[in-house]
Amino acid sequence: MDAFVIQGGRRLRGRVRIHGAKNAALPLMAAGLLTEEPVVLRDVPRLADIRNMQKLLSTLGLRVEEEEQGSTDGGGEGLVLRLKEEDPQRSEAPYEIVRTMRASICVLGPMLAKRGYARVSMPGGCNIGDRPVDLHLRGLRALGAKISLDAGYIVAQAPAGGRLRGARVFLGGPFGSTVLGTDNVMCAAALAEGTTIIESAACEPEVVDLARLLTAMGAKIEGAGSPRVVIHGVPKLHGAEHRIVPDRIEAGTYIMAAAMTNGEVVLENFPLEAMGAVLDRLAEVGVLVEPVGPGAGRAGGMAATLDGDEAWRTTVRVSSERRLHPVQVTTQPHPGFPTDLQAQIMALLCLADGNSILTEKIFPDRFLHVAELARMGASLIRNGPTVLVTGVKELTAAPVMASDLRASAGLVLAGLAARGTTIVNRVYHLDRGYERMELTLQKLGAQIERVDQPG
Ligand code: EPU
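Each residue of the sequence shown is one higher than the last, beginning at 29 in the working numbering.
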């Protein structure tokens with residue numbers, strides 16, 4: 029089992045390119061199920077979850093062809109994937125694949141809409157919480173689907189005639205909207221008869237990216253990125269080509285890595301437009317993120333100063349004050365601070381000068397990193413969904429492990445800043461969401477190696 033061995037204390041310096049976003053690529057790949065024609069996706073990251081989705085889509089009768097677009101050394105562009113329907117009769121997403129990746133649920137809406145029938149293993153909970161799918165099912169039922177549960181599988185059937193019907197759908201739940209639920213309903217509504225209005229839709233940039241692909245495929249969608257999305261159904265969608273939006277979570281992770289090591293890095297293909305809340309909190313901590321090249325010289329790198337593609341794919345320089353200030357951070361649905369960066373900012377705040385308060389409002393139990401950071405000398409007190417982080421002068425290296433992708437990223441950051449040799453075990457969690465993280469960090473001057481750790 030792979031582990032990272034990190035010699036902490038190196039300042040990160042250099043330039044890296046942010047990859048395409050995992051959480052955009054997965055539902056966009058599933059949207060390939062909506063048409064008989066080829067869908068071509070560019071800048072798809074090389075990740076374990078992408079491999080799993082390729083496997084799942086092949087099982088569901090798509091031919092998935094891959095061509096390399098760039099280098100695999102942490103620079104260059106990602107994969108080009110070409111998806112093409114081959115056998116639309118295969119409508120079962122099996123437990124063996126779904127259990128490895130919850131995002132498999134995003135095949136449900138496209139299959140139901142295009143094929144009139146879907147059988148998808150019910151995803152279980154995972155290490156960050158229960159993760160129900162009631163809102164996905166509520167949305168699809170509103171469009172006329174008959175949904176039942178059979179031997180652990182969600183069985184969804186379109187009404188007689190095989191086509192869903194547009195409807196008004198409310199997708200708000202106890203923790204806000206649902207990202208993949210919005211994706212599922214948007215895909216289903218794209219091929220439904222009549223107009224669908226999604227109220228309390230998720231506003232995440234990855235949802236907007238899906239709407240862009242669907243629009244390129246001939247869908248009629250208004251308001252993506254706002255809480256009210258209107259979809260006028262069309263009878264058929266065609267093929268399209270699309271480049272995946274850059275990964276705002278990978279970008280945020282490398283900003284924090286630079287800040288924790290008192291480094292200075294340049295990030296290319298940086299999705300400035302998607303990073304408002306993160307840059308706001310980081311500015312208060314004392315981390316400066318400024319555009320270089322187009323948009324340079326505009327204070328704080330605020331997205332409003334750039335527009336169009338430039339705002340989504342710009343180049344920024346990250347630097348920080350030596351003394352990091354404590355802040356309050358609350359995770360929220362977009363445009364709030366993302367839950368997928370909570371572990372990483374906690375690692376950063378462990379080194380701030382004072383008390384920070386972190387509240388998790390999306391997955392209230394997403395704190396697997398807390399006990400591990402404490403093993404590295406962090407001072408953390410958790411009370412329900414809130415953690416009081418008291419900054420310490422330094423972190424000390426230790427063997428650590430976390431059974432969640434983002435928690436593991438937080439531990440790598442802590443290891444980069446800690447005194448001594450940190451071993452982060454079970455790196456396969458990181459490989460689900462970060463493309464060869466060790467190569468990117470090596471490129472920035474970190475001393476980090478991937479080793480095969482027995483057991
Ligand atoms: N929820 C419900 N009912 C539902 C669906 C969700 O109550 O039917 C609750 C969840 O339990 C949670 C909240 O609503 O409390 C938000 O969950 P959401 O459905 O938005 O999460 P998701 O769509 O399953 C995506 C990302 C996650 C990210 C969340 C929140 C993908 C593939 N996954 O999950 O990413 O944390 O949105 O932003 O897009 C990660 O990349 O590490 C990751 C976990």
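All residues carry an ideal CB built from backbone N, CA and C; glycine is no exception.
Who are the Cβ neighbours of R410 in its own chain at under 7 Å, not counting the five residues just before and after it?
-> Looking up residue 410 in the sequence shown gives position 382. Contacts found: F395 and V398.
My guess is that M288 and L265 are in contact by the Cβ rule of under 8 Å, so how many angstroms apart are they, rounded?
-> Indexing the sequence shown from 1 puts residue 288 at position 260. Indexing the sequence shown from 1 puts residue 265 at position 237. At roughly 45 Å, the Cβ-Cβ gap does not stay under 8 Å, so M288 and L265 are not in contact.
Would you mind sorting V67 into buried or exposed? The rule is 16 or more other CB atoms within 10 Å of its CB.
-> As a working note, residue 67 is residue 39 in the sequence shown. A residue is called buried when at least 16 other Cβ atoms come within 10 angstroms of its Cβ; V67 meets this threshold and is buried.
What's the C-alpha gap between V313 and V357?
-> Position 285 of the sequence shown, counting from 1, holds the residue named residue 313. Position 329 of the sequence shown, counting from 1, holds the residue named residue 357. In a straight line, the C-alpha of V313 is about 11 Å away from that of V357.
Does DSSP classify V313 as helix, strand or coil?
-> On the sequence shown, position 285 is the one that residue 313 refers to. DSSP places V313 in helix when its eight states are reduced to three.
Contact check, R74 vs L107, beta carbons under 8 Å = Numbered from its first residue, the sequence shown carries residue 74 at position 46. Numbered from its first residue, the sequence shown carries residue 107 at position 79. Cβ atoms of R74 and L107: closer than 8 Å.
For Y282, the first and last residue of its enclosing alpha helix (DSSP H) | Counting from 1 along the sequence shown, the entry for residue 282 is found at position 254. Element bounds for Y282: R276 to M288.
Which value, in whole angstroms, describes the spacing of the CA atoms of G328 and V306?
-> Working through the sequence shown from its first residue, we reach residue 328 at position 300. Working through the sequence shown from its first residue, we reach residue 306 at position 278. Low local confidence applies: a pLDDT of 48 at G328 is under 50, so the model's placement there is unreliable, and no value is given.
Burial state of P319, where buried means 16 or more other Cβ atoms lie within 10 Å | Numbered from its first residue, the sequence shown carries residue 319 at position 291. With 16 or more other Cβ atoms inside 10 Å of its own Cβ, P319 counts as buried.
For the candidate residues G473, R478, R447 and L241, whose alpha-carbon lies nearest to that of L458?
-> In the sequence shown, the residue the question calls residue 458 occupies position 430. For L458, the nearest C-alpha among the options comes from R478.
Hey, I476 and F32: beta-carbon distance below 8 Å or not?
-> On the sequence shown, residue 476 is found 448 positions in, with the first residue counted as 1. On the sequence shown, residue 32 is found 4 positions in, with the first residue counted as 1. In this structure, I476 lies near F32, with their beta-carbon atoms less than 8 Å apart.
So L386 packs on A445, CB below 8 Å; how close in whole Å?
-> Counting from one through the sequence shown, the residue named residue 386 turns up at place 358. Counting from one through the sequence shown, the residue named residue 445 turns up at place 417. No, L386 and A445 are not in contact; Cβ-Cβ is about 18 Å, not under 8 Å.
Could you check the C-alpha separation between D30 and T224 for me, to the nearest Å?
-> Stepping through the sequence shown from its first residue, residue 30 is reached at position 2. Stepping through the sequence shown from its first residue, residue 224 is reached at position 196. In this model, D30 and T224 are separated by some 46 Å (Cα to Cα).
Meets three-Cβ-pair contact criterion under 8 Å: the stretch 272 to 292 and the stretch 250 to 264 | The stretch 272 to 292, when compared against the stretch 250 to 264, does not touch it at the 8 Å Cβ threshold.
Report yes if the C-beta distance between I272 and D432 is below 8 Å; otherwise report no.
-> By one-based count along the sequence shown, residue 272 stands at place 244. By one-based count along the sequence shown, residue 432 stands at place 404. I272 is not a Cβ neighbour of D432, given a cutoff of 8 Å.
Can you list, in chain order, the residues of its chain whose CB lies under 6 Å from that of T449, leaving out five sequence neighbours each side?
-> Indexing the sequence shown from 1 puts residue 449 at position 421. Excluding positions up to five away in sequence, the list reads Q35 and A425.
Cα separation between S99 and L61?
-> The residue labelled residue 99 in the question sits at position 71 within the sequence shown. The residue labelled residue 61 in the question sits at position 33 within the sequence shown. In this predicted model, S99 has a pLDDT of only 49, less than 50, meaning its place in the structure is not dependable; the value taken from the coordinates is given anyway. CA-CA distance, S99 to L61, rounds to 29 Å.
Quick one: any contact between the stretch 292 to 301 and the stretch 334 to 343, if contact means 3 or more CB pairs under 8 Å?
-> Taking one beta carbon from each stretch, the stretch 292 to 301 and the stretch 334 to 343 have 3 or more pairs nearer than 8 Å; the two touch.
Determine the DSSP secondary structure at M429, reduced to helix, strand or coil.
-> One-based indexing of the sequence shown puts residue 429 at position 401. In the three-state DSSP reduction, M429 falls in the strand class (E or B).
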